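Protein chains: 8
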Amino acid sequence: MDRQPRTTDLGYARLDPDRAARTGTPEVVYAAGKAPAETVGCLAGLLDAATGAGVGGQAFAWATRVDEATADAVRARWPDAHVDPVARVAWVGAPPPPVGEVLVLTAGTSDGPVAAEVAATLTASGVGCRRVDDVGVAGVHRVLAVAPDMAAADAVVVVAGMDGALPSVVAGLTDRLVVAVPTSVGYGAAFEGLAALLTMLTACAPGVLVVNIDNGFGAGVAAARIARSAQR
Amino acid sequence: MDRQPRTTDLGYARLDPDRAARTGTPEVVYAAGKAPAETVGCLAGLLDAATGAGVGGQAFAWATRVDEATADAVRARWPDAHVDPVARVAWVGAPPPPVGEVLVLTAGTSDGPVAAEVAATLTASGVGCRRVDDVGVAGVHRVLAVAPDMAAADAVVVVAGMDGALPSVVAGLTDRLVVAVPTSVGYGAAFEGLAALLTMLTACAPGVLVVNIDNGFGAGVAAARIARSAQR
Amino acid sequence: MDRQPRTTDLGYARLDPDRAARTGTPEVVYAAGKAPAETVGCLAGLLDAATGAGVGGQAFAWATRVDEATADAVRARWPDAHVDPVARVAWVGAPPPPVGEVLVLTAGTSDGPVAAEVAATLTASGVGCRRVDDVGVAGVHRVLAVAPDMAAADAVVVVAGMDGALPSVVAGLTDRLVVAVPTSVGYGAAFEGLAALLTMLTACAPGVLVVNIDNGFGAGVAAARIARSAQR
Amino acid sequence: MDRQPRTTDLGYARLDPDRAARTGTPEVVYAAGKAPAETVGCLAGLLDAATGAGVGGQAFAWATRVDEATADAVRARWPDAHVDPVARVAWVGAPPPPVGEVLVLTAGTSDGPVAAEVAATLTASGVGCRRVDDVGVAGVHRVLAVAPDMAAADAVVVVAGMDGALPSVVAGLTDRLVVAVPTSVGYGAAFEGLAALLTMLTACAPGVLVVNIDNGFGAGVAAARIARSAQR
Amino acid sequence: MDRQPRTTDLGYARLDPDRAARTGTPEVVYAAGKAPAETVGCLAGLLDAATGAGVGGQAFAWATRVDEATADAVRARWPDAHVDPVARVAWVGAPPPPVGEVLVLTAGTSDGPVAAEVAATLTASGVGCRRVDDVGVAGVHRVLAVAPDMAAADAVVVVAGMDGALPSVVAGLTDRLVVAVPTSVGYGAAFEGLAALLTMLTACAPGVLVVNIDNGFGAGVAAARIARSAQR
Amino acid sequence: MDRQPRTTDLGYARLDPDRAARTGTPEVVYAAGKAPAETVGCLAGLLDAATGAGVGGQAFAWATRVDEATADAVRARWPDAHVDPVARVAWVGAPPPPVGEVLVLTAGTSDGPVAAEVAATLTASGVGCRRVDDVGVAGVHRVLAVAPDMAAADAVVVVAGMDGALPSVVAGLTDRLVVAVPTSVGYGAAFEGLAALLTMLTACAPGVLVVNIDNGFGAGVAAARIARSAQR
Amino acid sequence: MDRQPRTTDLGYARLDPDRAARTGTPEVVYAAGKAPAETVGCLAGLLDAATGAGVGGQAFAWATRVDEATADAVRARWPDAHVDPVARVAWVGAPPPPVGEVLVLTAGTSDGPVAAEVAATLTASGVGCRRVDDVGVAGVHRVLAVAPDMAAADAVVVVAGMDGALPSVVAGLTDRLVVAVPTSVGYGAAFEGLAALLTMLTACAPGVLVVNIDNGFGAGVAAARIARSAQR
Amino acid sequence: MDRQPRTTDLGYARLDPDRAARTGTPEVVYAAGKAPAETVGCLAGLLDAATGAGVGGQAFAWATRVDEATADAVRARWPDAHVDPVARVAWVGAPPPPVGEVLVLTAGTSDGPVAAEVAATLTASGVGCRRVDDVGVAGVHRVLAVAPDMAAADAVVVVAGMDGALPSVVAGLTDRLVVAVPTSVGYGAAFEGLAALLTMLTACAPGVLVVNIDNGFGAGVAAARIARSAQR
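Chains as they are written, first to last, in full-length UniProt numbering: chain Z, 1 to 232; chain Y, 1 to 232; chain S, 1 to 232; chain H, 1 to 232; chain C, 1 to 232; chain D, 1 to 232; chain A, 1 to 232; chain P, 1 to 232.
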């Protein structure tokens with residue numbers, strides 16, 4: 001950062017193209033609350049800034065929380081764009097080749113979309129991903145069975161709603177960092193993910209770090225950073 | 001209930017001496033917020049009602065949430081009274097001989113006082129109790145190791161603070177009813193037991209029933225009722 | 001559990017076919033947040049595991065929180081499937097013949113769908129059910145009138161929204177365990193069932209055990225376990 | 001109010017001596033958070049304004065939430081002052097002779113201090129009071145037994161902590177207005193009176209009106225207004 | 001109550017036809033969460049019980065929280081039924097002739113629907129109603145201007161959302177009881193009426209009694225009881 | 001205020017046409033919860049009161065929280081009306097010419113609609129506005145870059161959702177008052193703007209004043225008042 | 001800011017002596033959570049930085065939330081230090097001569113300590129202060145009586161606990177900015193100031209800006225900034 | 001884990017001496033809620049298990065949340081024990097020699113004790129620590145000044161109370177993982193650390209992972225794991 005960071009001013013957005021240089025993670029477009037055209041504009045601006053001249057060779061930019069209308073707008077502009085409707089992620093260009101591997105566990109099948117956002121973020125960040133779904137603690141032998149997978153991974157991301165108890169058990173079985181993602185799966189006293197969030201924050205096992213409810217993106221970025229660091 | 005239930009009017013309290021006949025559980029004095037003399041008066045009234053003439057043969061009465069001043073007042077009135085300062089329980093007379101057995105688990109050593117209230121309630125209710133402490137899920141092999149104890153019990157009471165994750169795991173390992181007691185052990189996002197309470201209410205395994213935070217008495221009464229029913 | 005529990009891996013779900021052997025309650029599919037095809041797949045997997053060869057003689061599997069699309073998918077796969085749209089429950093095969101009886105009370109007519117889930121769970125669990133609706137405490141003689149029904153039952157499930165006061169009164173009239181289900185019926189300070197939940201957790205009568213808001217399934221499983229134990 | 005209301009400026013307080021003329025209730029000193037000398041000064045100011053010349057014939061002034069230090073200061077200034085340490089109330093002069101009668105019920109003995117504040121407020125307001133303590137719904141026959149007292153009263157004040165279920169039952173048994181006072185009695189999910197407050201606000205029986213947690217003063221003022229109106 | 005109260009059992013509902021004799025307020029059907037046919041059935045049952053033989057002379061029954069489908073069902077059964085779509089109230093038969101008068105104030109125009117429920121409840125209860133809308137404290141002269149109306153009324157109902165400050169000001173201007181109804185009008189930190197509810201519970205002026213958020217029915221029943229008592 | 005303020009009574013609303021004289025800010029119609037015809041009626045009433053005879057020379061009136069149906073009704077009545085669908089604002093007549101300038105910053109593009117309400121309020125209040133969007137603290141150089149704009153402004157309005165951290169940083173860089181507007185942008189633990197609200201209330205830098213979540217109108221009114229005062 | 005801001009590193013604190021130049025408000029020491037010696041060290045560091053050579057001519061530094069032990073330590077180091085035990089403020093040196101005037105209102109006498117912190121902050125900031133205490137809305141004529149004081153002030157600070165209704169009324173009577181300070185005065189549903197905070201955030205009158213509960217310092221800094229700007 | 005993990009049963013505790021082998025982090029005694037003798041017993045048990053024969057060569061065990069009485073008990077048993085009263089940590093034996101370095105930042109001096117727990121945990125875990133205190137965002141140049149320290153560290157721990165805004169800014173300046181620790185520093189709407197917790201969970205910059213309020217231990221364990229992994 002010996003020079004002043006650049007800013008690309010689109011009026012409705014001020015892009016931060018040097019963020020990857022500063023933080024290791026390029027700016028990613030958060031499409032929720034943006035008009036489809038705004039998301040497309042941000043993606044185009046990031047691609048431009050990356051190449052200096054339009055959508056070129058190595059350019060890659062992506063967005064999260066992409067709804068159907070935005071996905072359509074992205075595909076209209078870049079017919080080759082990749083869209084994952086479950087993860088609600090879209091990208092233009094090719095993600096970096098994967099290094100390392102992060103294990104992504106879900107407590108239940110209904111946690112799948114958040115795990116999909118984790119997986120897509122890992123891919124977009126150039127890190128490998130192995131998913132094992134539905135290993136909730138009500139059948140704790142299922143958790144014990146994946147202990148070898150934990151040992152083989154650079155980090156473990158645990159995605160769980162309802163009681164959010166899975167990270168406490170996992171962190172007692174591995175020396176890897178556990179990134180815990182509470183989800184809004186559940187009803188009543190689950191309070192849209194609050195129960196799982198509090199459980200994870202008060203996990204009796206150390207080594208659990210927590211992100212926002214349903215924040216698969218944040219968990220993926222953090223896990224990717226751990227994995228890349230471990231592969232250096 | 002073919003006759004009208006009796007009421008003993010002490011002015012500051014209206015005792016319900018027929019409650020045991022109606023509900024299987026005699027009235028127990030909740031000493032919190034009562035003056036020591038009021039707790040003593042309630043105990044005396046219950047003993048009187050049970051015997052018709054002072055502290056006699058089979059009479060037995062007890063109180064919970066007994067602080068030191070109240071314990072002193074109880075012992076001043078009945079020198080033979082039993083006081084358990086950890087469980088904060090005091091009783092006069094001899095509890096019924098125990099039948100059956102309830103397994104009481106704690107997630108951590110700090111949950112001990114609440115487990116002591118469960119155990120004292122079981123004893124006062126004439127039910128046997130087996131305690132195993134500090135089997136938190138951070139070392140899940142400790143939980144697996146008590147599975148045979150679960151199978152031998154009439155019911156399982158699980159006492160846990162912080163993340164409150166233990167009942168979810170236990171309920172996946174046993175066909176006994178699991179009575180879950182959240183405790184106020186913890187700090188920060190434990191919110192005085194709220195985190196554990198929500199975890200237990202949203203437990204992913206069925207067969208978990210929940211009582212109020214730190215309510216060892218309520219858990220003990222319920223577990224005793226299950227055990228006595230199973231022993232019939 | 002002298003052998004390792006089995007796991008059936010469907011990719012999006014890891015079934016736990018030995019759960020009934022371990023906990024007395026077979027795995028039940030929670031259809032909320034699952035695609036209809038996923039729920040159908042889970043039911044098929046559980047039926048397969050139960051029989052070793054497709055939908056055979058005694059096989060029985062079921063799902064809760066079944067919406068209309070999922071119900072259609074279930075009926076498309078198994079034309080004889082039973083669907084209860086009020087309870088939002090669907091099952092394939094014949095439930096076990098009923099033993100014992102659980103009394104299910106509601107405080108108001110609007111609590112009906114949750115009580116229906118309790119009743120369906122009891123039926124699916126092979127336990128008899130007697131429902132009496134709309135016995136709220138605003139007309140407390142209606143509660144007193146069902147005291148004989150309580151005495152005849154193995155357990156009492158009380159379903160109530162709004163002030164959630166009914167379990168406190170019921171537990172003072174019976175020696176049966178009272179399983180209390182708060183519902184999201186009400187508005188304003190009912191806070192989607194929170195008021196009823198807190199009321200039930202702080203019930204002044206012991207013998208009340210609480211499940212999550214609107215969790216008719218959990219209440220049914222617990223009550224069935226009590227009833228079957230009492231019938232042994 | 002054909003003339004402008006007067007204000008007595010003490011610097012730290014601006015007394016409102018015409019409040020009784022305007023609202024039927026004279027200004028009462030809320031001693032919490034005030035220095036003892038400030039409470040004494042306010043009482044003196046109200047007495048002065050009432051008589052025009054010091055503590056005279058009919059003058060009467062009083063304060064709530066009076067701690068020991070303030071009580072001492074009041075007695076030092078007016079040796080004849082009346083102090084009720086349970087209700088935490090102090091007054092100077094003679095309250096008006098009582099008319100009518102309000103029934104004050106408590107759910108438990110521990111609710112006593114709040115009921116004492118209700119009773120003192122009624123006395124200070126010139127209204128009769130009949131108290132019946134410890135009629136919680138866990139022994140609902142105790143509630144039914146006071147139905148005749150309800151019918152004889154001008155209004156019913158119900159004081160209850162924990163589950164706060166008593167007003168719902170009472171309101172189903174009487175045509176009198178029920179003023180419900182939640183108390184901070186209880187622990188855990190009672191959340192310092194929040195559980196009882198929500199229960200009372202969502203009471204399934206109409207005719208229940210609610211005041212703040214532990215607000216015996218507010219309940220007493222309201223009940224006194226109803227009683228005086230009924231006696232006109 | 002020298003005889004046992006009657007209960008009309010409809011299966012899905014147990015009507016309480018003697019409630020008016022007991023509490024002065026007949027049972028009113030809460031239509032939310034009921035199927036239209038259930039609401040119609042309850043109304044018919046109440047009318048039958050009132051007359052002993054179908055919809056006869058003085059019979060009158062009504063329902064609250066009536067949506068469009070239920071209103072249609074009511075009109076299909078009783079073409080002369082009265083439906084107020086703003087208040088969401090429907091009744092069959094003629095309400096009693098009005099006695100006395102209650103003043104109903106709103107803080108803003110958007111509080112209108114709740115005030116309409118208050119007004120309808122007063123009418124159905126045989127009490128007169130005078131409404132003055134939009135007298136929020138941001139223009140406090142508007143409040144002062146209605147002081148004469150307060151003096152002429154038997155009670156004052158104040159309906160307010162957002163900051164809920166109006167009852168505090170009103171109670172300082174009148175000796176009538178103030179029944180405060182918080183509404184869910186507002187956004188953000190209004191938290192669906194919670195802000196107004198807390199404001200009213202902590203009103204610095206005594207004489208304010210509070211009902212649930214948006215509970216125009218409860219406020220109307222209480223105010224009607226006050227008015228009828230004052231008119232005796 | 002040497003004379004009594006006027007009130008225009010429309011039945012459903014009581015307009016306060018002297019509010020501008022009293023408070024410097026004319027009454028503005030809050031259209032949420034009002035029928036389109038009611039909003040139109042209020043605007044017409046305010047215009048009438050301003051001119052004494054219909055929509056005349058200098059008359060100007062406006063409304064916030066205008067949805068599409070209301071916007072149509074406004075345009076039907078006044079074809080020249082100005083409608084801003086992003087800010088959800090509509091006005092009739094010409095706003096006063098602008099004096100001074102307020103800087104309006106957003107943390108992200110998704111905060112745009114709230115910032116648009118701020119800007120529209122400034123315009124309607126006769127104050128200049130300069131907007132710079134998307135200067136969130138994740139790229140803090142973007143914030144530093146607008147320090148000269150802060151120095152040139154009469155006040156700074158900061159609009160931010162999610163973590164709401166921007167005002168803390170801005171207030172450390174300027175001697176202007178910072179009016180902070182939390183927005184409901186975000187998900188999970190953002191809790192509809194609660195996270196940002198708490199952040200702003202606890203900002204470690206003094207000089208931050210906070211308005212309700214999404215309350216662009218309130219922020220605009222306050223900032224306009226500061227700007228006009230600075231320009232005097 | 002054409003040069004880099006200085007930082008004085010004390011190890012446990014990094015002082016920001018150029019903050020006044022940047023923000024118009026010098027760094028003020030927040031003594032809560034600091035050891036007395038740390039607060040003294042910070043004050044000494046700020047004085048040094050201000051003069052370049054120890055406690056000299058115009059140097060002035062101060063601290064808030066000063067408890068008795070810290071006050072003693074300050075007076076031990078600087079015998080001439082000014083300590084206000086009600087406001088919990090201490091300063092060394094002479095504050096700037098006052099310009100302008102801010103009106104500080106309290107709703108009740110118990111809000112006095114917070115108002116004292118506002119007043120001390122104004123004095124320390126070189127702005128005049130006029131306090132009028134105990135003008136709560138329960139006697140709204142007291143509020144109307146201070147309208148001339150509002151008109152004469154540069155800004156109005158309103159300090160209120162319990163219902164927090166005063167700012168809504170004040171803002172409807174003045175064209176000055178209203179800085180609202182909720183206090184933790186009250187009990188029960190006041191929830192330590194939460195009720196007042198929500199009331200002020202949802203005030204129906206625009207022109208109200210809110211600071212944290214009990215934050216007299218923040219309100220004083222903001223009001224001083226307004227006053228100095230108006231006096232330019 | 002090819003063999004079954006060992007458990008050391010002390011009755012009141014069941015130690016897990018193989019936890020380090022399983023998770024890389026040995027069991028650490030949480031002294032809160034334990035009697036001093038229990039903490040001493042746990043430490044002795046862990047030391048015994050580590051050496052096979054009393055306190056020997058390389059044995060090392062430690063405890064957190066150690067109050068004065070427990071510290072005295074530890075020193076009585078092991079006179080050479082190390083006690084850090086600010087961090088509330090005690091250990092017996094010599095911690096491993098440090099590798100790598102973690103940067104620990106605090107937003108304010110009052111956050112010091114939590115940062116001390118982070119630092120002690122790092123030392124006990126054999127990882128180097130560099131602390132820079134009081135770099136809050138109100139003087140953002142102080143944050144920018146530590147960017148080189150971030151680049152030199154293996155991970156960054158940010159400790160902040162009040163608004164909790166610091167991690168958002170830090171994460172925008174570094175490619176290291178940011179472990180954010182909210183503290184209970186602050187008052188009013190800080191709600192004992194809740195405000196900072198929510199801010200950190202909703203941080204607009206990715207790469208922020210959160211632990212429980214005041215959980216310096218958990219942050220230290222996680223950061224140590226990152227540092228050791230980076231040093232491999």
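Backbone N, C-alpha and C define an ideal beta-carbon position, used for all residues, glycine too. Keep in mind that this is a model prediction, so the values were computed, not measured.
Secondary structure of residue i, DSSP reduced to three states
{"i": "D149(H)", "result": "helix"}
{"i": "C129(C)", "result": "strand"}
{"i": "R22(S)", "result": "helix"}
{"i": "G100(P)", "result": "strand"}
{"i": "D48(Z)", "result": "helix"}
{"i": "L198(Y)", "result": "helix"}
{"i": "L144(D)", "result": "helix"}
{"i": "D84(P)", "result": "strand"}
{"i": "D72(Y)", "result": "helix"}
For residue i, the nearest candidate out of the options (CA to CA)
{"i": "G128(D)", "options": "A152(D), A90(D) and G136(D)", "result": "A152(D)"}
{"i": "R14(C)", "options": "T23(C), A44(C) and T121(C)", "result": "A44(C)"}
{"i": "K34(S)", "options": "T109(Z), V169(Z) and V210(Z)", "result": "T109(Z)"}
{"i": "T39(P)", "options": "D67(P), A50(P) and P26(P)", "result": "D67(P)"}
{"i": "residue 243(H)", "options": "V210(H), C204(H), V86(H) and S229(H)", "result": "The structure shown does not extend to residue 243(H), since chain H is modelled only from 1 to 232, so the question has no answer here."}
{"i": "D149(Z)", "options": "R131(Z), G161(Z) and Y187(Z)", "result": "R131(Z)"}
Cβ-based burial, residue i [other Cβ within 10 Å; buried from 16]
{"i": "A63(P)", "result": "buried"}
{"i": "D72(P)", "result": "exposed"}
Three CB pairs or more closer than 8 Å across the segment 73-89 of chain H and the segment 167-184 of chain H: Verdict: no, contact absent.
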